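Residue numbers (my numbering): 35 to 216.
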């Protein structure tokens with residue numbers, strides 16, 4: 035795993051030890067950023083269920099101003115922190131060990147709004163509509179926010195979730211990527 039493009043291009047990223055996470059492959063990451071970017075002129079990104087932090091780090095490398103990384107797993111948080119240091123992007127990031135819903139509630143108290151959100155939960159989790167609904171209710175999404183969901187290709191989510199409309203659905207073997215836009 036590595037950063038594909040931008041200011042940290044080519045820097046290797048550590049993986050979370052064990053079999054509990056499935057890092058986004060470089061092929062899928064490249065496809066995601068060709069769908070939503072490929073580069074950004076500022077903005078704030080949320081990498082929920084961050085794992086290695088690869089998606090949020092890629093977004094920072096490609097021009098996002100700030101990133102918030104959230105994962106409930108201690109090892110994942112340690113790896114995200116190490117990957118941010120290795121890519122010299124720590125000064126643009128906040129990393130939290132927390133449950134997704136608790137983190138969203140805490141973030142809403144700070145009046146932060148995200149321009150880009152990555153949702154890459156464990157494949158067995160299918161509450162994507164609920165998560166997006168919570169982000170909307172807590173006013174965490176910027177008016178033109180983009181939400182990228184990496185999920186099991188067997189799972190299908192609604193084309194419309196509140197104000198968010200799915201604009202892309204692409205499959206890569208057992209992995210699918212859904213892109214929603216506000």
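Cβ atoms here follow ideal geometry from the backbone N, Cα and C, with glycine treated the same way.
Please read these numbers as outputs of a predicted model, since none were measured by experiment.
What residue from 170, 123, 134 and 174 has the CA that sits closest to residue 144's CA? On the chain shown, position 110 is the one that residue 144 refers to. Taking each of 170, 123, 134 and 174 in turn and checking the Cα distance to residue 144, the smallest one comes out for 174.
Please classify residue 209: is it buried, with 16 or more other beta-carbons within 10 angstroms of its beta-carbon, or exposed? Walking along the chain shown from the start, residue 209 turns up at place 175. Residue 209 should be labelled buried.
Option in 185, 137 and 163 with minimal Cα separation from residue 196: Translated into positions along the chain shown, residue 196 becomes position 162. Nearest in C-alpha terms to residue 196, of all of 185, 137 and 163, is 163.
By the three-class DSSP mapping on this structure, what secondary structure does residue 195 have? Position 161 of the chain shown, counted from the first residue, corresponds to residue 195. Residue state, collapsed to three classes: strand.
Measure from the alpha carbon of residue 166 to the alpha carbon of each residue in 189, 146, 158 and 199, then state which is nearest. Numbered from 1 along the chain shown, position 132 holds the residue referred to as residue 166. Nearest neighbour of residue 166 by Cα position, chosen from 189, 146, 158 and 199, turns out to be 199.
How should residue 96 be labelled, buried or exposed, when 16 other C-beta atoms within 10 angstroms of its C-beta is the threshold for buried? Translated into the one-based positions of the chain shown, residue 96 becomes position 62. By the neighbour-count criterion, in which 16 or more other beta carbons inside 10 Å mark a residue as buried, residue 96 falls on the buried side.
Own chain partners of residue 157 with C-beta closer than 7 angstroms, once the 5 adjacent residues on each side are dropped: In the chain shown, the residue the question calls residue 157 occupies position 123. Closer than 7 angstroms at the Cβ level, and outside the excluded window around residue 157, lie 185 and 186.
So the candidates are 119, 122, 150 and 111; which of them puts its Cα closest to the Cα of residue 133? Locating residue 133 in the chain shown gives position 99, where the first residue counts as 1. In terms of CA proximity to residue 133, 111 leads the group 119, 122, 150 and 111.
Considering residue 65, what are the terminal residues of the beta strand (DSSP E) in which it resides? If you number the chain shown from 1, residue 65 lands on position 31. From DSSP, residue 65 is part of no beta strand (DSSP E) but of the alpha helix (DSSP H) over 60 to 70.
Could you tell me whether the segment 62 to 75 touches the segment 36 to 48, using the rule of 3 or more Cβ pairs below 8 angstroms? Because the criterion of three Cβ pairs below 8 angstroms is met, the segment 62 to 75 and the segment 36 to 48 touch.
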